[in-house]
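Some notes on the structure that comes next.
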Amino acid sequence: MAETILESQPDLLIDWKKSDRDDGGACDLRTEEMLVNMGPQHPSTHGVLRIVLRTDGELVLEAIPHIGYLHRCAEKIGENLQPFQFVPTTDRLDYLAAMNNNYGFSLAVEKLAGIEVPERARYIRVIMAELSRIASHLVSFGCYGMDLGAFTPFLYAFRERERILDMFEAACGARLTCSYITIGGVTQDLPERFCETVSEFLDYFEPKIDEYNQLLTYNHIFVKRAANVGVISAEDAIRWGLTGPCLRGSGVKFDLRKSLPYDIYSRFDFEVPVGLPGGSDGIPKEVRVGDCWNRYFVRMQEMRQSVRIIRQCLEQMPAGEVKAKLPKTLKLPANEVYFESEGARGQLGFLVVGDGSAIPYRVKVRGPCFCNLSITSHVCREVLLADVPAIIGSIDIVMGEVDR
Amino acid sequence: MIRDSDIVFVDEPRLTAADRLYLPQVVMGLKTTFRHLFKKKVTLQYPEEKRPMRVENYRGVHRLNKDEKGRVACVACFMCETACPAHCIHIEGGEAPWPDREKYPIKFDIDELRCIYCGMCEEACPVDAIELTPEFSIVGLSREEMVFDKEKLLEMFDRTRELKPRKNPVITGYEYNTGGPIPPSDDQTEGLKAPGQPQR
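As you go down the protein sequences, you meet chains A and B in turn. My numbering puts the first residue of the first sequence at 131, with every later residue one more than the last. My numbering puts the first residue of the second sequence at 2, with every later residue one more than the last.
Okay, here's the thing in structure tokens:
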């Protein structure tokens, strides 16, 4: 059938590629540009992100992210509540790493009010923040696989995340919106056998990272999709204000826990993984520094470092109080404090301005996802349509934090 | 707009027959998957099977505790209402019909839809009257139904009493705090239906 049509219409037999080469592109096959809405309800936009794509055939000429679908006035809420009451709202910013948000906000308020946190609480907080980071990176890893068409890693990631959430539940009674870390310490002491459970989990979890690498990281199909796609140079990454794994994936060795150690992070021995060029240390040769694969791989390596930090925490953790003695209504001094901590997705900053009363005058959140997302329009330029989910997935955004 | 002269034609990379099938890659990926076929299942058949949970501090639906005489333990001090970041607790206090405390709640409503289950009410309560239970699956057909009043919250205590006994039954009224004896109530059996409580 097909053959007969071609024979009857010899025009169709023209080798377009060849003729284009011959006449220098004078024979144009014009295609119209098309605006395509990706999202806000799209499985690979990680929430309610809408991206307007200007496409020319299969090519994306421009991608403009539109945000605001999940805006809940979190900052305004912070200006109407006492700091300890705002902690549950911080859970709902980056809901995949709620503990990191609690931690960042608590540190900011403690710095403003000059609160001394008991030693045991400090260690508990670091353990929780790092567990939360692992849980968040697991979701990121699983979903990234799913974005690129591999369903199974997602289930593996959630299997391990489940155990972390169980530990959170045992410690504070909630799995996702923990509100465990609060101003002046943590809400309650760890349950019995918690340290043993964490230790067992770490022993179980560490070899699993190799399994993930075998399952997805070095998989040829995955490497083909992620390597050398969406390359962000180190200069661009700094210029656009990227932080966290996105910045480190571009080869910039900057982690607040190491560069400007806050709280007790200076006591731990760990490394800061950065993006690596292909061909070295068993890394596939297609890989380039700053591409999607490296951003993804930095997260995988960060999980290992988090495991190291938690192990050291468990060893060093002293007994004692878990919450500082605070007055019933904590009066904030008339001053302002901006504090950045290293969240799971980058630098999470909180600006808290006090005016002498118990309720802050202003609360501002610097969400890492918001800044990281801004580079989308720059990276998604003249890439293939199929690469857009790969790029957005590798930036690892949580819309709760982008919109706040 | 991309001009035709910008288009670069790339020859397809020469793949071996094995590469073109992607079969070795698929098998490599599936190897781990198949290994798990013979391992213990990690999933649960939820409504039939329930996973173990730590009931002591799970943050589920609220309950209002009763003291050993079956009266509501709350002394209407409004601490929980003040601490609540979601403003979902509404209390109306009245003079207590019992001699061991001054006030008791005439009305005690918690909007379970508005609540964010942060546990701050439990933390704020000076007499351990309000507690969060391990109950997490409540359903209702209307919003009004999900605003739990005093009766419903006390009923929740009866439902979860065995699962999670009251943390500290010693603290109830003011007399208990000072370590004094429990004064006998006028009517030992009256319990909840105290005089002065408006009928609804």
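Here a beta-carbon is modelled for each residue, glycine too, at the ideal position from N, C-alpha and C. What you are looking at is a predicted structure, and each value in this text was computed from that prediction instead of being measured.
Check your understanding: Can the beta-carbon of T312 (chain A) be found closer than 8 Å to that of V452 (chain A)?
Key -> The residue labelled residue 312 (chain A) in the question sits at position 182 within the first sequence. The residue labelled residue 452 (chain A) in the question sits at position 322 within the first sequence. Not a contact, by the Cβ cut-off of 8 Å.
Point to revise | Contact under 8 Å by Cβ, G530 (chain A) with L200 (chain A) | key: By one-based count along the first sequence, residue 530 (chain A) stands at place 400. By one-based count along the first sequence, residue 200 (chain A) stands at place 70. Yes, the Cβ-Cβ distance between G530 (chain A) and L200 (chain A) is below 8 Å.
Review point. What separation, rounded to the nearest whole angstrom, lies between the Cα atoms of I522 (chain A) and I351 (chain A)?
Key: Along the first sequence, one-based indexing puts residue 522 (chain A) at 392. Along the first sequence, one-based indexing puts residue 351 (chain A) at 221. Whole-angstrom Cα-Cα distance: 18 Å.
Practice item. Indicate the three-state DSSP secondary structure (helix, strand or coil) for H551 (chain A) in the structure shown. Key: Past the edges of chain A, shown from 131 to 534, lies residue 551 (chain A), and the structure says nothing about it.
Exercise for review: Let me know the secondary structure DSSP gives P14 (chain B) once reduced to three states.
Suggested key: If you number the second sequence from 1, residue 14 (chain B) lands on position 13. Of the three classes helix, strand and coil, the one that applies to P14 (chain B) here is coil, per DSSP.
Review point. Out of curiosity, what's the CA-to-CA distance linking L261 (chain A) and A251 (chain A)?
Key: In the first sequence, residue 261 (chain A) corresponds to position 131, counting from 1. In the first sequence, residue 251 (chain A) corresponds to position 121, counting from 1. So the two alpha carbons sit approximately 15 Å from each other.
Review point. Roughly how many angstroms lie between the CA atoms of M297 (chain A) and R511 (chain A), to the nearest whole one?
Key: Along the first sequence, read from residue 1 onward, the residue named residue 297 (chain A) stands at position 167. Along the first sequence, read from residue 1 onward, the residue named residue 511 (chain A) stands at position 381. For M297 (chain A) and R511 (chain A), the distance between alpha carbons rounds to 43 Å.
Exercise for review: Using the Cα positions of D112 (chain B) and N232 (chain A), report the straight-line distance between them to the nearest angstrom.
Suggested key: Counted from its first residue, the second sequence places residue 112 (chain B) at position 111. Counted from its first residue, the first sequence places residue 232 (chain A) at position 102. The straight-line gap from Cα to Cα measures roughly 25 Å.
Review point. If the cut is a Cβ gap below 7 Å, which residues of chain B does G497 (chain A) touch?
Key: Here the question's residue 497 (chain A) lines up with position 367 in the first sequence. Near G497 (chain A) there are no residues of chain B at all, since even the closest Cβ is about 20 Å away, more than 7 Å.
Point to revise | Contacting residues, own chain, Cβ-Cβ under 7 Å from A97 (chain B) (five flanking each side not counted) | key: By 1-based counting over the second sequence, the position of residue 97 (chain B) is 96. The answer, listed in chain order, is E103, K104, Y105.
Point to revise | Burial state of Y334 (chain A) (16 or more Cβ within 10 Å) | key: In the first sequence, counting from the first residue as 1, residue 334 (chain A) sits at position 204. Exposed, because fewer than 16 other Cβ atoms sit within 10 Å of the Cβ of Y334 (chain A).
Review point. Name the chain B residues whose beta carbon is nearer than 9 Å to that of C302 (chain A)?
Key: In the first sequence, counting from the first residue as 1, residue 302 (chain A) sits at position 172. Ordered by position in chain B, the residues that pass the 9 Å Cβ test against C302 (chain A) are N58, R60, G120.
Check your understanding: Which class does M54 (chain B) belong to by DSSP, given the choice of helix, strand or coil?
Key -> The count along the second sequence starts at 1 and reaches residue 54 (chain B) at position 53. Three-state DSSP puts M54 (chain B) in coil, outside helix and strand.
Review point. Taking DSSP as the reference, what is the three-state secondary structure of F79 (chain B)?
Key: Translated into the one-based positions of the second sequence, residue 79 (chain B) becomes position 78. If DSSP states are grouped into helix, strand and coil, F79 (chain B) belongs with coil.
Check your understanding: Is E299 (chain A) helix, strand or coil by DSSP?
Key -> What you label residue 299 (chain A) is simply residue 169 of the first sequence in a count that begins at 1. Three-state result, E299 (chain A): helix.
Review point. Does the beta-carbon of L142 (chain A) have 16 or more other beta-carbons within 10 angstroms, so that it is buried, or is it exposed?
Key: Counting from 1 along the first sequence, the entry for residue 142 (chain A) is found at position 12. Confidence in L142 (chain A) is poor, its pLDDT being 49 and thus under 50, which makes the residue's placement unreliable; the coordinate value appears in the next sentence. The residue in question, L142 (chain A), is exposed, as its Cβ has fewer than 16 Cβ neighbours within 10 Å.
Review point. Does any CB atom of chain A fall closer than 8 Å to the CB of L133 (chain B)?
Key: Along the second sequence, one-based indexing puts residue 133 (chain B) at 132. Taking Cβ atoms only, chain A reaches closer than 8 Å to L133 (chain B), which makes this a yes.
Review point. How is L165 (chain A) classed by DSSP in three states: helix, strand or coil?
Key: For the purposes of this step, residue 165 (chain A) is taken as the residue at position 35 of the first sequence. Three-state result, L165 (chain A): strand.
Practice item. Run down chain B in chain order and give the residues with a C-beta less than 7 Å from the C-beta of P218 (chain A). Key: For this step, residue 218 (chain A) is matched to residue 88 along the first sequence. Going along chain B in sequence order, the residues near P218 (chain A) (Cβ under 7 Å) are P86, I117, C119.
**Study point:** Cα-Cα separation, C499 (chain A) to H63 (chain B)
**Key:** Locating residue 499 (chain A) in the first sequence gives position 369, where the first residue counts as 1. Locating residue 63 (chain B) in the second sequence gives position 62, where the first residue counts as 1. In a straight line, the C-alpha of C499 (chain A) is about 35 Å away from that of H63 (chain B).
Check your understanding: Looking at the unbroken beta strand (DSSP E) that takes in K104 (chain B), where does it start and where does it end?
Key -> Locating residue 104 (chain B) in the second sequence gives position 103, where the first residue counts as 1. Element bounds for K104 (chain B): 104-112.
Practice item. Spell out whether any CB of chain B is found under 8 Å from the CB atom of T317 (chain A). Key: Position 187 of the first sequence holds residue 317 (chain A). Yes, because at least one Cβ of chain B sits closer than 8 Å to the Cβ of T317 (chain A).
**Study point:** Near-chain B residues of the region 286-302 of chain A (beta-carbon distance less than 9 Å), N- to C-terminal order
**Key:** Y286, R289, E292, D296, E299, A300, A301, C302
Practice item. Can you say whether N167 (chain A) is buried or exposed, counting buried as having 16 or more other CB atoms within 10 angstroms of its CB? Key: By one-based count along the first sequence, residue 167 (chain A) stands at place 37. When all chains shown are included, N167 (chain A) counts as exposed.
Review point. So, does the CB of E146 (chain B) fall closer than 8 Å to a CB anywhere in chain A?
Key: Position 145 of the second sequence, counted from the start, is the residue given in the question as residue 146 (chain B). Taking Cβ atoms only, chain A never reaches closer than 8 Å to E146 (chain B), which makes this a no.
Check your understanding: For W99 (chain B) versus R72 (chain B), is the C-beta distance shorter than 8 Å?
Key -> Within the second sequence, numbered from 1, the residue matching residue 99 (chain B) stands at position 98. Within the second sequence, numbered from 1, the residue matching residue 72 (chain B) stands at position 71. Yes; because the gap between Cβ atoms is below 8 Å, this pair is in contact.
Review point. Run through DSSP, which three-state label would G208 (chain A) get?
Key: Counted from its first residue, the first sequence places residue 208 (chain A) at position 78. DSSP places G208 (chain A) in helix when its eight states are reduced to three.
Check your understanding: Going by C-alpha distance, which of B:T83, B:K67, B:I107, B:I139 is nearest L114 (chain B)?
Key -> If you number the second sequence from 1, residue 114 (chain B) lands on position 113. Checking every option, the nearest Cα to that of L114 (chain B) belongs to B:I139.
Review point. Within the 8 Å Cβ cut-off, does Y47 (chain B) reach chain A?
Key: Along the second sequence, one-based indexing puts residue 47 (chain B) at 46. Judged by the 8 Å Cβ criterion, Y47 (chain B) is not in contact with chain A.
**Study point:** Pair within 8 Å by beta-carbon distance, T317 (chain A) and R222 (chain A)
**Key:** Along the first sequence, one-based indexing puts residue 317 (chain A) at 187. Along the first sequence, one-based indexing puts residue 222 (chain A) at 92. No, they are not a contact pair.
Exercise for review: Please go through the same chain and pick out, in chain order, the residues whose beta-carbon is closer than 7 Å to the beta-carbon of I90 (chain B), but skip the five residues on each side of it.
Suggested key: To locate residue 90 (chain B), count along the second sequence from 1; it is residue 89. C81, E82, I111, C122.
Check your understanding: Using a Cβ cut-off of 9 Å, which residues of the region 16-36 of chain B contact any Cβ in chain A, in chain order?
Key -> D20, Y23, P25, Q26, V27, M29, G30, L31, K32, T33, T34
Practice item. Determine contact between the region 279-286 of chain A and the region 233-240 of chain A, defined as no fewer than three beta-carbon pairs at a distance below 8 Å. Key: no
Point to revise | CA-to-CA distance, V382 (chain A) to V125 (chain A), given in whole angstroms | key: Outside the modelled stretch of chain A, which goes from 131 to 534, sits residue 125 (chain A), for which no answer is possible.
**Study point:** C-alpha gap between E330 (chain A) and K338 (chain A), whole angstroms
**Key:** Here residue 330 (chain A) refers to the residue found at position 200 of the first sequence. Here residue 338 (chain A) refers to the residue found at position 208 of the first sequence. Their Cα atoms are separated by approximately 13 Å.
Practice item. Tell me I311 (chain A)'s beta-bridge partners as DSSP assigns them. Key: Taking the first sequence and counting its residues from 1, the one referred to as residue 311 (chain A) is at position 181. Answer is A:V316, bridged to I311 (chain A).
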